[in-house]
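First comes the structure, then the notes that go with it.
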Amino acid sequence: MKKQTTTIIITTVITTIIVIIGFILLMPIIGPRFIHPMMMGNQSAPADLDTSTTLLSDAGLFRVSYSSDSSPLPLNQIHSWTIHIETADGQPVEGAEILVDGGMPQHGHGLPTQPEVTEDLGNGDYRVEGMKFQMLGFWEVKFNINADGQSDNVTFNLILE
Ligand SMILES: [Cu+2]
Numbered sequence: 024m025k026k027q028t029t030t031i032i033i034t035t036v037i038t039t040i041i042v043i044i045g046f047i048l049l050m051p052i053i054g055p056r057f058i059h060p061m062m063m064g065n066q067s068a069p070a071d072l073d074t075s076t077t078l079l080s081d082a083g084l085f086r087v088s089y090s091s092d093s094s095p096l097p098l099n100q101i102h103s104w105t106i107h108i109e110t111a112d113g114q115p116v117e118g119a120e121i122l123v124d125g126g127m128p129q130h131g132h133g134l135p136t137q138p139e140v141t142e143d144l145g146n147g148d149y150r151v152e153g154m155k156f157q158m159l160g161f162w163e164v165k166f167n168i169n170a171d172g173q174s175d176n177v178t179f180n181l182i183l184e
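Numbering-wise (this note's numbering), the sequence shown opens with residue 24 and increments by one.
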């Protein structure tokens, strides 16, 4: 009887450990499509969110605008953007080095891809490839722009619906 009890306890403990380890291993796979959408359930974007597609950069150095090659912005699809950069007084900025970043600020995660500026199209236009949004909701897309020895950042807000 005592031995049986011990066996049952050991079996239960081992089973529990296996289930926990399995769950941890599966988290990256089931997380995005199961747990994450539940988590976002009751969070809505700020009511006064500025979703302009043309913005002045943080320090006022550049006026930046974007357009997506698929409209409306697609869910779960890799697509490209074109961004246009001018100086504050309207001169196209050519030859800039641009880094792309972003994510969902209310969910604490970044972009699912690592978009890159792949082409300087001239006249202040740049091609951004590898854009992807894997969830509906409030996203930020940030560009760090370096041109003529000056650096500035701009953050676009957008709602994918
Ligand atoms: Cu999210």
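Glycine is no exception: its CB is placed at the ideal position from the N, C-alpha and C atoms. This structure is a prediction, so every number in the text was calculated from the model and none was measured.
Exercise for review: Flag residue 50 as yes when its Cβ comes closer than 7 Å to any non-hydrogen atom of ligand 1, and as no otherwise.
Suggested key: By one-based count along the sequence shown, residue 50 stands at place 27. Checking every heavy atom of ligand 1 against the Cβ of residue 50, none is found closer than 7 Å.
Check your understanding: Is residue 50 helix, strand or coil by DSSP?
Key -> Counting from 1 along the sequence shown, the entry for residue 50 is found at position 27. Of the three classes helix, strand and coil, the one that applies to residue 50 here is helix, per DSSP.
Check your understanding: Under the DSSP definition of a beta bridge, which residues are partnered with residue 73?
Key -> Indexing the sequence shown from 1 puts residue 73 at position 50. Answer by DSSP bridge pairing: none, since residue 73 is not bridged.
Check your understanding: Does the distance from the C-beta atom of residue 140 to that of residue 123 stay below 8 Å?
Key -> On the sequence shown, position 117 is the one that residue 140 refers to. On the sequence shown, position 100 is the one that residue 123 refers to. In this structure, residue 123 lies closer than 8 Å to residue 140 by Cβ.
Review point. In its own chain, which residues sit with a C-beta less than 6 Å from the C-beta of residue 170, not counting the 5 before and 5 after it?
Key: Here residue 170 corresponds to residue number 147 of the sequence shown, with the count starting at 1. A distance below 6 Å between beta-carbons, with the five flanking residues on each side excluded, links residue 170 to the following residues of its chain, in chain order: 116 and 119.
Exercise for review: Please confirm if the region 78-92 is in contact with the region 102-113, defined as three or more CB-CB distances below 8 Å between the two stretches.
Suggested key: Cβ pair count under 8 Å is three or more, so yes.
Point to revise | Among 183, 153, 114 and 102, the one whose alpha carbon lies nearest that of residue 145 | key: Numbered from 1 along the sequence shown, position 122 holds the residue referred to as residue 145. The shortest Cα separation from residue 145 among 183, 153, 114 and 102 belongs to 114.
Review point. Tell me, which residues are paired with residue 179 by DSSP?
Key: Residue mapping note: residue 179 aligns to position 156 of the sequence shown, counting from 1. 164.
Exercise for review: Going by CA-CA distance only, name the one from 183, 110, 80 and 83 that's closest to residue 126.
Suggested key: As a working mapping, residue 126 is identified with position 103 in the sequence shown. The shortest CA-to-CA distance from residue 126 to any of 183, 110, 80 and 83 is the one to 183.
Point to revise | Under 5 Å, CB to nearest heavy atom of ligand 1: contacting residues | key: Here the list is 127, 130 and 158.
Practice item. Can you have a look at residue 156 and say buried or exposed, based on whether 16 or more other CB atoms are within 10 angstroms of its CB? Key: By one-based count along the sequence shown, residue 156 stands at place 133. A buried status is given to residue 156, since no fewer than 16 other beta-carbon atoms sit within 10 Å of its beta-carbon.
Review point. Around the Cβ of residue 187, are there at least 16 other Cβ atoms within 10 angstroms (buried) or fewer (exposed)?
Key: As displayed, the chain neither begins before 24 nor continues past 184, which places residue 187 out of reach and without an answer.
Exercise for review: Whole angstroms is fine: what's the gap from residue 61's alpha carbon to residue 130's?
Suggested key: In the sequence shown, residue 61 corresponds to position 38, counting from 1. In the sequence shown, residue 130 corresponds to position 107, counting from 1. Caution is warranted here: a pLDDT of 49 is assigned to residue 61, below 50, making its placement in the model unreliable, and no coordinate value can be reported.
Exercise for review: Report the residue from 174, 166, 153 and 33 whose alpha carbon sits nearest the alpha carbon of residue 76.
Suggested key: Here residue 76 refers to the residue found at position 53 when the sequence shown is read from its first residue. Comparing Cα-Cα distances from residue 76 to each of 174, 166, 153 and 33, the minimum goes to 166.
**Study point:** For residue 31, the three-state DSSP class (helix, strand or coil)
**Key:** Residue mapping note: residue 31 aligns to position 8 of the sequence shown, counting from 1. It is helical.
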